[in-house]
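All the letters of the sequence shown, read from the start, carry residue numbers 1 to 313 under UniProt numbering.
Presented below is the structure to which this report refers.
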Amino acid sequence: MTSQEENFMRKIEADEKIEPKDWMPEAYRKNLIRQMSQHAHSEVIGMQPEGNWITRAPSLRRKAVLLSKVQDEAGHGLYLYSATETLGISRAELIAALQSGEAKYASIFNYPTLTWGDVGAIGWLVDGAAIVNQVSLQRTSYGPYSRGMIRICKEESFHQRQGYEALLALAKGSPEQKQMAQDSLNRFYWPALMMFGPHDSESAHSAKSMEWKIKRETNDDLRQKFIDQTVPQIEVLGLEHPDKEIKWNEERGHYDAGEIDWDEFYSVINGNGHCNRQRVEHHIAAHDEGTWVRDAITAYNEKKNAKKAQNVA
Ligand code: BYC
């Protein structure tokens, strides 16, 4: 080990944060860019399924709340892109990788939102799963990522509660509304479990990411936390659990659960989910429409800098 590597590992072991100007192994930097940019893309692509319901929200209050939640997701994407840029890669490169399909985003956003119940299920289950993961990532070893997570988690808890409250209203409503809530739970439960990634034994990046403390808990451990916390929440809603094999295991102190359909997971992350093409095409169209805004800002900044240079001279 070189002295630089030794110093890096000493910091990791002492739970000190690695900061942008610190020396870091190239593989650590690359792994972080991969994970953080995919996280940023997930936030931004995640605006689409919920955005689909802004114009059809059932009341003015629900519309206002959904609108601000979707705006929050855009903000999360921006924090995460900025944090990723501290690793020496530009926003344009990150977005090009998303649009070419080279970079992934969370599989969950390739499922359609068919009913209003789905908006509640996303807030409750998808943001709920995201929080379990992100609370753990608050202790990640890279300073800018860790600080971004602390801020994002605060907003995400509010998102989770608004989703649960929307679904509770349906579950305690008419038989048709209760059925809508059950149907959303049935469709979003398994994809929410897939958000935690493959089993630890199949996870390509986990071992190194755990060693470097990029990840602080494994995919399976985080998934188990989510499974455990969701059981009583389903009971309060008065809905049926979508997993018929769910059973408390006294010895483990956890719920045993049925197996995820991994063929479906791999099909979705490899680009063949219900909405993969639609999501990326929509992103490309929106990005193209915004070209004039980016051009205007660049021209303005150039003008401002030229003026500053003139004043100095
Ligand atoms: N979906 O070795 P593994 C939100 C990929 S959004 C797609 O275990 P890793 C919200 C993985 O990337 C919150 N791909 O990977 C927004 C890798 O492929 P590559 C999003 C997945 O990185 C709007 C390969 O499979 N949260 O809150 O160690 C509205 C092997 O996997 C998935 C984050 O992004 C998946 N589910 O662990 C509402 C959290 N799972 O890169 C809500 C940050 C795995 O080699 N990310 N893959 O091509 C992480 O914590 C980790 O990256 C993961 C995967 C746990 C997701």
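All residues carry an ideal CB built from backbone N, CA and C; glycine is no exception.
These numbers were taken from a predicted model, which means no experiment stands behind them.
query, result
"With 16 as the cutoff for other CB atoms within 10 Å, does residue 141 come out buried or exposed?", "buried"
"Is it true that the CB of residue 228 sits closer than 7 Å to the CB of residue 254?", "yes"
"CB of residue 201 to nearest heavy atom of the ligand BYC: below 6 Å?", "no"
"Cα separation between residue 168 and residue 230?", "14 Å"
"Can you tell me whether DSSP reads residue 205 as helix, strand or coil?", "coil"
"Spatial neighbours of residue 143 within its chain, please: CB distance less than 7 Å, with the 5 preceding and 5 following residues excluded, ordered by chain position.", "17, 18, 19"
"From residue 225 to residue 104, what does the alpha carbon distance come to, in whole angstroms?", "24 Å"
"If you measure from the CB of residue 163, is any heavy atom of the ligand SAM nearer than 6 Å?", "In terms of ligand content, the structure shown lacks the ligand SAM and carries the ligand BYC instead."
"Suppose the cutoff is 7 Å on Cβ atoms and the five residues either side in sequence are ignored; what does the same chain contact list for residue 134 look like?", "149, 152, 153, 156"
"Identify whether residue 69 lies in helix, strand or coil by the three-state DSSP scheme.", "helix"
"Please specify which runs of the alpha helix (DSSP H), each continuous and at least 4 residues long, are wholly inside the region 6-64, giving them in chain order.", "26-45, 47-51"
"Closest to residue 328 by C-alpha separation, out of 190, 164, 234, 160, would be which residue?", "One cannot answer for residue 328 here, as it falls past the ends of the chain, which runs 1 to 313."
"In this structure, what does DSSP give as the bridge partners for residue 247?", "256"
"Taking all protein chains shown into account, do 16 or more other C-beta atoms lie within 10 angstroms of the C-beta of residue 276, making it buried, or fewer, making it exposed?", "buried"
"Restricting to runs no shorter than 4 residues, where is the alpha helix (DSSP H) found entirely within the region 105-131?", "116-121"
"Given this structure, state the Cα-to-Cα distance separating residue 46 from residue 33, to the nearest angstrom.", "19 Å"
"Closer than 6 Å to a non-hydrogen atom of the ligand BYC - does that hold for the CB of residue 127?", "yes"
"When the Cα atoms are used, what is the spatial distance from residue 125 to residue 69?", "15 Å"
"Could you check if residue 209 is buried or exposed, using at least 16 other CB atoms within 10 Å of its CB as the buried criterion?", "buried"
"Measuring from the CB of residue 43, is there a heavy atom of the ligand BYC at a distance below 6 Å?", "yes"
"Span of the alpha helix (DSSP H) holding residue 190?", "175-194"
"Report the partner residues of residue 142 according to the DSSP bridge assignment.", "18"
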